Each structure stands twice: as C-alpha cells, then as structure tokens.
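Visitor: Submitted below is the structure of interest, expressed as structure tokens.
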Amino acid sequence: MSIITKTKEFFGLAPLEDVPEDEYFDDERYEERGRAPERERGSFEDERRRPERRESRSFEPDYAAPSRVRAVAVTSYAEATRVGEPVRRGEVVVFDLSGMPHDEAKRIIDFAAGACFALHAGMQKMRPRVFRIVPADAIVDDEAVERALRSL
Numbered sequence: 396m397s398i399i400t401k402t403k404e405f406f407g408l409a410p411l412e413d414v415p416e417d418e419y420f421d422d423e424r425y426e427e428r429g430r431a432p433e434r435e436r437g438s439f440e441d442e443r444r445r446p447e448r449r450e451s452r453s454f455e456p457d458y459a460a461p462s463r464v465r466a467v468a469v470t471s472y473a474e475a476t477r478v479g480e481p482v483r484r485g486e487v488v489v490f491d492l493s494g495m496p497h498d499e500a501k502r503i504i505d506f507a508a509g510a511c512f513a514l515h516a517g518m519q520k521m522r523p524r525v526f527r528i529v530p531a532d533a534i535v536d537d538e539a540v541e542r543a544l545r546s547l
C-alpha cells in the first residue's frame, strides 16, 4: 500500500470499494418504522378562547430589617463558640479580644476566619483587638454596631 493511498484513506478521499471493512463492528440494519404521528393542530379561534395563565409572583418589599448585632467579650479560647454561634444564626457579631493573651487571641481570630469562610461571612477590624463578623446576607445597622462597641 503506497503512502498516497494511505493518505487518501486517512482523509476519507479513497473510493468506497478501496476502504477496508471495519473488522470490529458489524453494523446491524434496522427496519424502517415510518414517521411519527402528526400532532393535531388547533385553529386560531381555539387559541384565542383559551384562558390566559397568569404567573403568580410573590411580593417582596424593597427593604429588609437590619440584622441583630451581638457584642461578645472573649476571655479564652474555650469561649470561641460564643463568636461562631450568632454568626451561624445570621447575626452580626462584634467581639473584643483585649482581655486575653496574644497567642489565644490569634487562635480566636483563626477560628473566626474559618467560620467566615465556611459561612460566607466577612470579618473586619474595627479597632485594635476588636473585630466584626458580618454574615453574607446580613444588613448592617451602623448605629447598632456603634452601640455594641460602646457596650464592650
């Protein structure tokens, strides 16, 4: 077999009688079944008499109530759940780490960062050693956050 013949076969340019039969697959022949039955079509008058369907739309107000703000003063790593639980409920959490050692404060921040990642929340530093966690769908009331900061 020449290179020209092989090239023609590769690109499908060889005559059909020159193409070797497929040794691995034996194509089965199927019976002709005919056409699918045609669907009955109504007239224009039938379409016009049909009652219109109206989509039910729920009404959602353009405003939503602000999320509750929780102030937490953490004194040890054992109290880390006091930061995570309110966030899980959708509340904004303001937490103060000033009353604890630096190493434990780092652990609390790591815990809070993991909670933020898992719950799609955001964490912001408000002032030195005071942070705020805002859940993804929460609406923040700045006045409530300021009151929480003063209560710490």
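Under the working numbering, the first residue of the sequence shown is numbered 396, with each subsequent residue one higher. Note that the Cβ used here is the ideal one computed from N, Cα and C, for glycine as well. Note that the coordinates shown come from a computational prediction; the quantities given were computed from them, not determined experimentally.
Note down the Cα distance separating Arg-463 from Glu-486, rounded to an integer number of angstroms.
Guide: Stepping through the sequence shown from its first residue, residue 463 is reached at position 68. Stepping through the sequence shown from its first residue, residue 486 is reached at position 91. Spanning the two alpha carbons is a distance of roughly 5 angstroms.
Visitor: If we require 3 or more residues per run, which beta strand (DSSP E) segments fall completely within the segment 481-545?
Guide: Entirely contained in the segment 481-545, the beta strand (DSSP E) runs reaching 3 residues are, in chain order, 487-491, 517-522, 525-529.
Visitor: Can you tell me which residues form a DSSP beta bridge with Ala-468?
Guide: Here the question's residue 468 lines up with position 73 in the sequence shown. According to DSSP, which records beta bridges pairwise, Ala-468 is partnered with Asp-491.
Visitor: With a cut-off of 8 angstroms, do at least 3 Cβ pairs link the segment 462-476 to the segment 494-502?
Guide: Short answer: they touch.
Visitor: Note down the Cα distance separating Lys-401 from Glu-423, rounded to an integer number of angstroms.
Guide: Taking the first residue of the sequence shown as position 1, residue 401 is located at position 6. Taking the first residue of the sequence shown as position 1, residue 423 is located at position 28. Whole-angstrom Cα-Cα distance: 27 angstroms.
Visitor: CB-CB under 6 angstroms to Ala-539, same chain, minus the five flanking residues each way: which ones, in chain order?
Guide: Within the sequence shown, the letter at position 144 stands for residue 539. Hits under 6 angstroms: Val-464.
Visitor: Compute the distance between the beta-carbons of Ser-516 and Val-478, then report whether it is under 7 angstroms.
Guide: Your numbering for residue 516 matches position 121 in the sequence shown. Your numbering for residue 478 matches position 83 in the sequence shown. In the sequence as displayed, the identity of residue 516 is Ala instead of Ser. It is not a contact, given that the beta carbons lie outside the stated cut-off.
Visitor: Can you tell me whether Pro-523 is buried or exposed, with buried defined as 16 or more other CB within 10 angstroms of its CB?
Guide: To locate residue 523, count along the sequence shown from 1; it is residue 128. The residue in question, Pro-523, is exposed, as its Cβ has fewer than 16 Cβ neighbours within 10 Å.
Visitor: Quick check on the burial criterion: 16 or more other C-beta atoms within 10 angstroms. Buried or exposed for Phe-490?
Guide: Locating residue 490 in the sequence shown gives position 95, where the first residue counts as 1. Per the 10 Å Cβ criterion, buried.
Visitor: What is the DSSP secondary structure of Ala-475, reduced to helix, strand or coil?
Guide: Start at 1 with the first residue of the sequence shown, and residue 475 comes out as number 80. Correct three-state label for Ala-475: coil.
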